Amino acid sequence: MPDSAPQHAALTIGTAGHIDHGKTALVRALTGVDTDRLPQEQARGMSIELGFAPLVLPGGRHVSVVDVPGHERFVRTMVAGATGIDLYLMVVAADDGVMPQTLEHAEVLAALGIEQGVVAITKADRADPRPAAAEAADLLPGAEVVACSARTGDGVADVATALARVAERVTPGGDGRRGAAAVLHIDRAFTIHGAGTVVTGTLWSGTLAAGDTLELLPARRHVRVRAVQVHDAAAERGYAGQRVAVNLAGLARSDVARGDALADPAAEVAATQILDAALDLREELRGRRVMVHHGTRAVPARLAALGAGLWQVRLEAPLLAAAGDRLVVRSVAPPDTLGGGTVLDPRARRHGRRPDVLARLERLRRGEPEPVPEPSPAAASLPDPAAAATPGGLDPATNELAQRLLAAGHEPPARAALGDDAAHLPTLIQAGVAVRIGRDMYAHRDAIAAVADRVGAIVEREGAVTLARLRDELGTSRKYAEALLEHLDQARFTKRLPDDRRILRRRT
Ligand SMILES: Nc1nc2c(ncn2[C@@H]2O[C@H](COP(=O)(O)OP(=O)(O)O)[C@@H](O)[C@H]2O)c(=O)[nH]1
Ligand SMILES: [Mg+2]
Numbered sequence: 077m078p079d080s081a082p083q084h085a086a087l088t089i090g091t092a093g094h095i096d097h098g099k100t101a102l103v104r105a106l107t108g109v110d111t112d113r114l115p116q117e118q119a120r121g122m123s124i125e126l127g128f129a130p131l132v133l134p135g136g137r138h139v140s141v142v143d144v145p146g147h148e149r150f151v152r153t154m155v156a157g158a159t160g161i162d163l164y165l166m167v168v169a170a171d172d173g174v175m176p177q178t179l180e181h182a183e184v185l186a187a188l189g190i191e192q193g194v195v196a197i198t199k200a201d202r203a204d205p206r207p208a209a210a211e212a213a214d215l216l217p218g219a220e221v222v223a224c225s226a227r228t229g230d231g232v233a234d235v236a237t238a239l240a241r242v243a244e245r246v247t248p249g250g251d252g253r254r255g256a257a258a259v260l261h262i263d264r265a266f267t268i269h270g271a272g273t274v275v276t277g278t279l280w281s282g283t284l285a286a287g288d289t290l291e292l293l294p295a296r297r298h299v300r301v302r303a304v305q306v307h308d309a310a311a312e313r314g315y316a317g318q319r320v321a322v323n324l325a326g327l328a329r330s331d332v333a334r335g336d337a338l339a340d341p342a343a344e345v346a347a348t349q350i351l352d353a354a355l356d357l358r359e360e361l362r363g364r365r366v367m368v369h370h371g372t373r374a375v376p377a378r379l380a381a382l383g384a385g386l387w388q389v390r391l392e393a394p395l396l397a398a399a400g401d402r403l404v405v406r407s408v409a410p411p412d413t414l415g416g417g418t419v420l421d422p423r424a425r426r427h428g429r430r431p432d433v434l435a436r437l438e439r440l441r442r443g444e445p446e447p448v449p450e451p452s453p454a455a456a457s458l459p460d461p462a463a464a465a466t467p468g469g470l471d472p473a474t475n476e477l478a479q480r481l482l483a484a485g486h487e488p489p490a491r492a493a494l495g496d497d498a499a500h501l502p503t504l505i506q507a508g509v510a511v512r513i514g515r516d517m518y519a520h521r522d523a524i525a526a527v528a529d530r531v532g533a534i535v536e537r538e539g540a541v542t543l544a545r546l547r548d549e550l551g552t553s554r555k556y557a558e559a560l561l562e563h564l565d566q567a568r569f570t571k572r573l574p575d576d577r578r579i580l581r582r583r584t
């Protein structure tokens, strides 16, 4: 089997730009591959190479171009491949200039920290490319701007030369992360006859090889890698930045879904519903309900502004995040990119602008190691807004448990996992904060309310909700989805039909 370790790491170029501006035509002119034709072939075969085209740059460097059709898929693919895309090829049509999706794609690239690339002013056979080139230079200062035509072929070689020049300057995203622990956000899961369950995604960090044991999240199940493919070919090992398909031993197709992650426990990826982040966002967005895109999930959230570009993101369902991960923030409707940034603390507690907390986040933003915590009398004397909001003035230990349950969202830890904190469960149940949702499962009432809202929204839109639908919506396991639905049935919020679909009970 070939070792797919690239001599100088393989770079991935992501196309960007407004619909119909000529992205796919330019990729075809550069590579000979029609990325628009692949999805149909894909439906029959087992190709994982949706929209990928290999390209040899002048000078001989091998790179891979990813060109995804459609605007929403662009955003999803960019976020899912966050650390796999090293530079952009922004396409602007000479006869149309910078358009709304050009702007939004530039926002997404900035949010993901993809700063280097080339702007191609296409369709130069149709109109003078200079006005569009000037607009593009304003939007992406520092980028090389090249006029070309996919129709006549003029300038296409210059685009390749410009890409080769930029490629020389770029440190491949995967390169520095190869030594790190493996993390793969799953974008597809399927069954291959005779092989079993296969998942695909861009390897964000580390390497993967047959025999490795990883944790499947959020289920927290240990799974063994049976075989790895890189860019559609069997490989001994997959490397950070590459598209991989992973055959998993002993895992049923129903145990894994898009939105799950495979991670080495050392990567410290956590299922989290509250995280602190450094985000490039307008302060007016505080309190707004937004969509947060991370990995292969998109989850509604509210944003609490902490000042100076620091934010607390309070999610309605878990993301599987680690410190340093990129986030993209979009509006709920119509979807529009508002900004993005980096996770500082994926396991945050609910807090406001406490000076000690802010100082710690500033340190994390500067990349400083965490100091050994010292009790600060000044901080201790400040009221904790979360504690104040707890009904009945719970004692600190009980409040601590409440916070743990809230952070766990709809995926509550088993009683055993609560350790000493479990002693405070009866108090929390008494206070109405913890609710039993199944055998050995106690969830925070706010987490259940958030799930009920989402169930209500699905039923409103789709007429009914199934277990699988809720599982996919929440990006959770069957176990939690089932417990939550049964709880909602018992609470007389939903009604189970004979075919197991749920509808809402009429409110009285
Ligand atoms: N005249 C001309 N037409 C082009 C050029 N590039 C693309 N087109 C046409 O523009 C349309 C959209 O191109 P496509 O590559 O699908 O755009 P995408 O949506 O950005 O991928 C197609 O009809 C192409 O044939 C070009 O350089 N010159
Ligand atoms: Mg296209």
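Using our numbering, the final residue of the sequence shown is 584, and nothing's skipped along the way. C-beta: ideal position from N, C-alpha, C; glycine also. Since this is a predicted model, take the numbers as computed values, not measurements.
Query                                                                                                                           : Result
Span separating the alpha-carbon of residue 396 from that of residue 504                                                        : 27 Å
Exposed unless 16 or more other CB atoms sit within 10 angstroms - verdict on residue 346                                       : buried
Pick from 508, 473 and 513 that is closest to residue 489, judged by C-alpha positions                                          : 513
CA nearest to the CA of residue 410, picked from 148, 139 and 127                                                               : 148
Per-residue DSSP class, three states only, for residue 558                                                                      : helix
Reduced DSSP category for residue 566 - H, G, I as helix; E, B as strand; rest coil                                             : helix
Near ligand 2: residue 555 beta-carbon under 8 Å from a heavy atom                                                              : no
Contact test: residue 522 Cβ vs ligand 2 heavy atom, cutoff 8 Å                                                                 : no
Segments of 3+ residues assigned as beta strand (DSSP E) that fall wholly inside the region 280-320                             : 283-285, 289-293, 297-306, 309-311 and 313-315
DSSP-derived helix/strand/coil call for residue 134                                                                             : coil
Rounded separation between residue 198 and residue 107 - CA only                                                                : 16 Å
Cut-off 7 Å between Cβ atoms - residues of its own chain near residue 185, not counting five sequence neighbours on either side : 92 and 164
Exposed unless 16 or more other CB atoms sit within 10 angstroms - verdict on residue 555                                       : exposed
Residue 137 beta carbon less than 9 Å from that of residue 240                                                                  : yes
Where residue 487 sits in the DSSP three-state scheme                                                                           : coil
CB of residue 302 within 9 Å of CB of residue 286, strictly                                                                     : yes
Strand pairing of residue 323, partner residues [DSSP]                                                                          : 274 and 303
DSSP beta-bridge partners of residue 150                                                                                        : In the DSSP output, where bridge partners are listed per residue, residue 150 has none listed.
Cα-Cα separation between residue 216 and residue 246, rounded to whole angstroms                                                : 16 Å
Three-state class that DSSP yields for residue 464 in the structure shown                                                       : In this predicted model, residue 464 has a pLDDT of only 39, less than 50, meaning its place in the structure is not dependable; the value taken from the coordinates is given anyway. It is helical.
Cβ neighbour criterion (16 or more within 10 Å) applied to residue 472                                                          : exposed
Coarse secondary structure for residue 199, derived from DSSP in three states                                                   : coil
Helix, strand or coil at residue 534 according to DSSP, with G and I counted as helix                                           : helix
Residue 145: CB within 8 Å of a non-hydrogen atom of ligand 1                                                                   : yes
Selected residue, minimal CA-CA separation from residue 244, among 310, 195, 320 and 139                                        : 139
Inter-residue Cα distance where the pair is residue 560 and residue 382                                                         : 33 Å
Residue 153 CB to nearest heavy atom of ligand 2 below 8 Å                                                                      : no
Residue 295 beta carbon less than 9 Å from that of residue 336                                                                  : yes
Pairwise C-alpha distance: residue 171 and residue 150                                                                          : 22 Å
Stretch pair the region 187-203 + the region 223-230: three plus CB contacts closer than 8 Å                                    : yes
Three-state secondary structure assigned by DSSP to residue 500                                                                 : helix
Pair within 9 Å by beta-carbon distance, residue 432 and residue 419                                                            : no
Minimum C-alpha distance to residue 270 - residue among 259, 256 and 324                                                        : 324
Any 3 or more C-beta pairs closer than 8 Å across the region 354-365 and the region 314-331                                     : no
Close-in-space but distant-in-sequence residues of the same chain around residue 132 (CB under 7 Å, 5 per side omitted)         : 138
As assigned by DSSP and simplified to three states, the class of residue 171                                                    : coil
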